[in-house]
Amino acid sequence: MIDTILATKKDMGQAFIDGKRIPTTKLVAGPCVVTQIIDKDKNGYWGLQLGFGEKKIKNTTKPLRGHLKKAVKAGEKFPRFLREMRVDQEPEAKVGDPVAVSDIFVVGDKVIVTATSKGKGFAGGMKRWGFKGGPATHGQSDRARAIGSIGQGTTPGRVHKGKKMPGRMGTDTVTVKNLKVLSIDEAKNEILVSGPVPGPRGGLVIVKK
């Protein structure tokens, strides 16, 4: 049974339910196409590969065209995104079968969404980790936003792995659980979920039941 669909983030809004204002996120979910059946005998598990979106043929490599030739009919554009999902038993779907949002979800379902968070670029310790920083007065002139000590002394004589320091912030894989499906628009392939979803507009979102 397919319990996952690929989507892109559209925009945010709000809904009023039982007198409470709830932030919402609109996702364009599907239609997806089954591009590969993963066989347990060959790979050790059952799975499906789904394709979503569109991209031009000239932007598709020849090996990928060969991989998708059974799933994409003549004249159709190739999917922009390909993602794999595991299933518990041999899937009933075949290569080339479409997958719509209404095939998986109904209003009221709780879903798990996974996406890549927005990239913030190189960030300091205060922005990236919420450090306090140094005092702004009492002789300090250039340490107000410094992270402070990063270790001990001669022993251990090194900085421990995993130390929170300045660096690139964002572009992390973030999963948010227990978002509620508020509405489904089958004609537009749109699904409205409660709460925020990671990533920018147009970013890929994996929605799982």
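Counting from 1, position 92 in the sequence shown corresponds to residue 93 in the working numbering; the numbering is continuous, with no gaps.
Every residue, glycine too, gets a C-beta built ideally from N, C-alpha and C.
Since the model is a prediction, treat every value here as computed from it, not as a measurement.
Evaluate the contact criterion for the region 64 to 72 versus the region 39 to 49: three or more CB pairs, one atom per stretch, below 8 Å. Put simply, the region 64 to 72 does not touch the region 39 to 49. Fewer than three CB pairs are less than 8 Å apart.
What residues in its chain sit with their C-beta under 7 Å from that of G204, if we drop five residues either side in the sequence? The beta carbon of G204 is closer than 7 Å to those of T9, K10, A116 and T117 in its chain, skipping five residues each way along the sequence.
Let me know if A30 comes out buried or exposed under the rule of 16 or more other beta-carbons within 10 Å of its beta-carbon. So A30 counts as buried.
Residue ranges of each beta strand (DSSP E) run of no fewer than 3 residues wholly in the region 176 to 208, ordered along the chain? Listed in chain order, the complete beta strand (DSSP E) runs (minimum 3 residues) inside the region 176 to 208 are 191 to 195.
Distance, P24 Cα to A94 Cα: Taking the straight line from one Cα to the other gives about 35 Å.
By Cβ distance, which residues of its chain are closer than 6 Å to T61, with the 5 residues on each side in sequence left out? Once the five neighbours on either side are set aside, the close Cβ partners of T61 are F79.
Just tell me which of R159, M127 and I3 has its CA closest to the CA of A145. Of the candidates R159, M127 and I3, M127 places its Cα closest to the Cα of A145.
Would you mind stating whether L83 and G52 have Cβ atoms separated by less than 7 Å? Result yes, Cβ atoms of L83 and G52 sit closer than 7 Å.
Using C-beta distances below 8 Å, list every residue in its chain close to V108, excluding the 5 sequence neighbours before and after it, in chain order. Annotation for V108: V182, L183, S184 and I185 place their beta carbon closer than 8 Å to its own, counting only its chain and skipping 5 residues before and after.
So what's I148 in DSSP terms, helix, strand or just coil? Correct three-state label for I148: coil.
How many angstroms separate the CA atom of K41 from the CA atom of Q15? C-alpha separation (whole angstroms): 44 Å.
As a quick exercise: from N190, L7, V208 and V194, pick the residue whose alpha carbon is nearest that of S103. Of the listed residues, the one whose Cα sits closest to S103 is N190.
Indicate the three-state DSSP secondary structure (helix, strand or coil) for G45 in the structure shown. In the three-state reduction of the DSSP assignment, G45 falls in the coil class, being assigned neither a helical nor a strand state.
Leaving out five residues before and five after E187 in sequence, what residues of the same chain have Cβ atoms less than 6 Å from its Cβ? For E187, where only same-chain residues beyond five positions count, the Cβ hits under 6 Å are S103.
Residue range of the unbroken beta strand (DSSP E) whose run includes P24: Counted as a single uninterrupted DSSP element, the beta strand (DSSP E) harbouring P24 occupies residues K21 to A30.
Quickly, what does DSSP pair K106 with across the bridge? List them, please. Sequence check: residue 106 is Phe here, not Lys. F106 pairs with nothing; no bridge assigned.
Beta-carbon separation of K112 and L180 under 7 Å? First, the residue type needs correcting, since residue 112 is Val and not Lys in the sequence shown. Judged by beta-carbon spacing, L180 lies within the 7 Å limit of V112, meaning their Cβ atoms are closer than that value.
Using 8 Å for Cβ pairs, my map puts P1 next to R129. What's the rounded Cβ distance? As displayed, the chain neither begins before 2 nor continues past 210, which places residue 1 out of reach and without an answer.
Output yes or no for whether 7 Å exceeds the beta carbon distance between E55 and R87. It is not a contact, given that the beta carbons lie outside the stated cut-off.
What do you reckon, are the CB atoms on A75 and G97 nearer than 7 Å? Not a contact, by the Cβ cut-off of 7 Å.
Let's test the definition: count the other Cβ atoms within 10 Å of the Cβ of I148 and tell me whether it reaches 16, buried, or not, exposed. By the Cβ-count criterion, I148 is buried, with 16 or more other Cβ atoms from all chains shown falling within 10 Å of its own Cβ.
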